[in-house]
Amino acid sequence: MYAGHFAVGLALKARQPAAPTWAVLLGTGFLDVLFGIFVMLGIERVTMTPHVGQGFSLDFIDWSHSLLMSLIWSFVYCALFWRRGRPVCFLLAFAVFSHFLLDLPMHPSDLALWPYAQTHIGFGLWNRLPTGWWWIELAAVLAACAYYTARARQIKTFGGRALWACAVILLLHVANAPWWKS
Amino acid sequence: MGSFEFGLFCLLSFAVPVPILSWLDRVSKGKQR
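Heads up: the protein sequence lines correspond to chains A and B, in order.
For the first sequence, the numbering used here gives the first residue as 1, with consecutive numbering after it.
For the second sequence, the numbering used here gives the first residue as 1, with consecutive numbering after it.
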């Protein structure tokens with residue numbers, strides 16, 4: 001999942017408007033930011049598979065994306081914002097962990113329970129529904145954006161250009177469509 | 001694309017939209033809605 005993480009970030013911002021928007025959005029993508037850094041450092045491994053599935057195989061992503069590490073990163077991220085108050089801290093922790101929850105249905109079985117665990121989980125919609133996953137993620141994006149824009153109209157302390165924010169997320173989702181990759 | 005480039009691409013893909021979306025979310029204090 002890609003754009004869906006940002007859409008859920010906006011929905012979480014709408015749920016807790018006191019949370020800094022940048023922190024919520026960075027939180028929902030935090031595991032993939034770590035993944036990018038870890039791959040560049042050689043700590044995690046990915047193999048490029050042009051024209052096959054997503055175009056890459058996530059060979060070892062246990063330090064950024066395993067269930068246990070997702071929980072630990074959520075705790076660490078929450079601790080960074082502890083001074084903002086418990087509700088914001090908990091919201092940001094959930095923002096980080098939401099990444100694991102959203103990746104779970106999409107990824108093939110490459111999400112370890114903990115680093116170097118034998119058991120890996122993932123429902124594999126990317127492979128089972130080569131184009132269908134995009135529509136499922138689109139539904140999640142639209143639902144999250146609908147909640148965000150509705151709350152923004154009520155509360156008025158965020159979402160200054162809510163529809164434009166949703167348009168950017170939709171654009172990212174279109175850019176990530178499977179039809180461009182074949 | 002190699003692994004290093006893919007890692008950088010992934011990092012930027014998740015980092016670059018953050019300030020853009022945060023800016024679009026802002027409500028100008030001088031412009032009450």
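We put the beta carbon where it would ideally sit given N, CA and C, even for glycine.
Being a predicted model, the structure only gives us computed values, none of them experimental.
Requested in this report: Kindly indicate which residue of A:75, A:110, A:80 and A:85 has the alpha-carbon position closest to the one of residue 94 of chain A.
Outcome: Your numbering for residue 94 of chain A matches position 94 in the first sequence. When each option's Cα is compared against that of residue 94 of chain A, the closest is A:75.
**Report entry** Near-chain B residues of the segment 109-131 of chain A - C-beta to any C-beta below 7 Å
**Finding:** none
Query raised in the report: Would you call residue 156 of chain A buried or exposed, if buried means 16 or more other Cβ atoms sit within 10 Å of its Cβ?
Result: Translated into positions along the first sequence, residue 156 of chain A becomes position 156. That one is exposed.
Report task. Pull up the CB-CB distance for residue 7 of chain A and residue 169 of chain A, whole angstroms please, since I reckon it's below 8 Å. Result -> In the first sequence, counting from the first residue as 1, residue 7 of chain A sits at position 7. In the first sequence, counting from the first residue as 1, residue 169 of chain A sits at position 169. Going by Cβ atoms, the distance from residue 7 of chain A to residue 169 of chain A rounds to 5 Å, so yes, they are a contact pair.
Query - Close-in-space but distant-in-sequence residues of the same chain around residue 17 of chain A (CB under 7 Å, 5 per side omitted) - result: Residue 17 of chain A sits at position 17 when you count from the first residue of the first sequence. Contacts found: 155, 157 and 158.
**Report entry** For residue 110 of chain A, the first and last residue of its enclosing beta strand (DSSP E)
**Finding:** As a first step, residue 110 of chain A is located in the first sequence; it is residue number 110 there, counting from the start. Looking at the DSSP string, residue 110 of chain A is not in any beta strand (DSSP E), and its letter there is neither H nor E.
**Report entry** Span of the beta strand (DSSP E) around residue 1 of chain A
**Finding:** As a first step, residue 1 of chain A must be located in the first sequence, where it is residue number 1. Neither: residue 1 of chain A is in no beta strand (DSSP E) and is coded neither H nor E.
Query raised in the report: Around the Cβ of residue 48 of chain A, are there at least 16 other Cβ atoms within 10 angstroms (buried) or fewer (exposed)?
Result: Residue mapping note: residue 48 of chain A aligns to position 48 of the first sequence, counting from 1. Label assigned to residue 48 of chain A: exposed.
Query raised in the report: Could you check where the beta strand (DSSP E) with residue 40 of chain A kicks off and where it finishes?
Result: Start at 1 with the first residue of the first sequence, and residue 40 of chain A comes out as number 40. It is not in any beta strand (DSSP E) - residue 40 of chain A instead sits in the alpha helix (DSSP H) that spans 30-41.
Query raised in the report: Is the segment 104-120 of chain A close to the segment 29-45 of chain A, with three or more CB pairs under 8 Å?
Result: no
Query raised in the report: How far does the alpha helix (DSSP H) with residue 60 of chain A in it reach, from first residue to last?
Result: In the first sequence, counting from the first residue as 1, residue 60 of chain A sits at position 60. From DSSP, residue 60 of chain A is part of no alpha helix (DSSP H) but of the beta strand (DSSP E) over 56-60.
Query raised in the report: Which residues, taken in chain order from the segment 157-178 of chain A, show a beta carbon closer than 8 Å to some beta carbon of chain B?
Result: 157, 158, 159, 160, 161, 162, 164, 165, 168, 169 and 172
Report task. Report yes if the CB atom of residue 178 of chain A is closer than 8 Å to the CB atom of residue 130 of chain A, and no otherwise. Result -> Start at 1 with the first residue of the first sequence, and residue 178 of chain A comes out as number 178. Start at 1 with the first residue of the first sequence, and residue 130 of chain A comes out as number 130. For residue 178 of chain A and residue 130 of chain A, yes; Cβs fall inside 8 Å.
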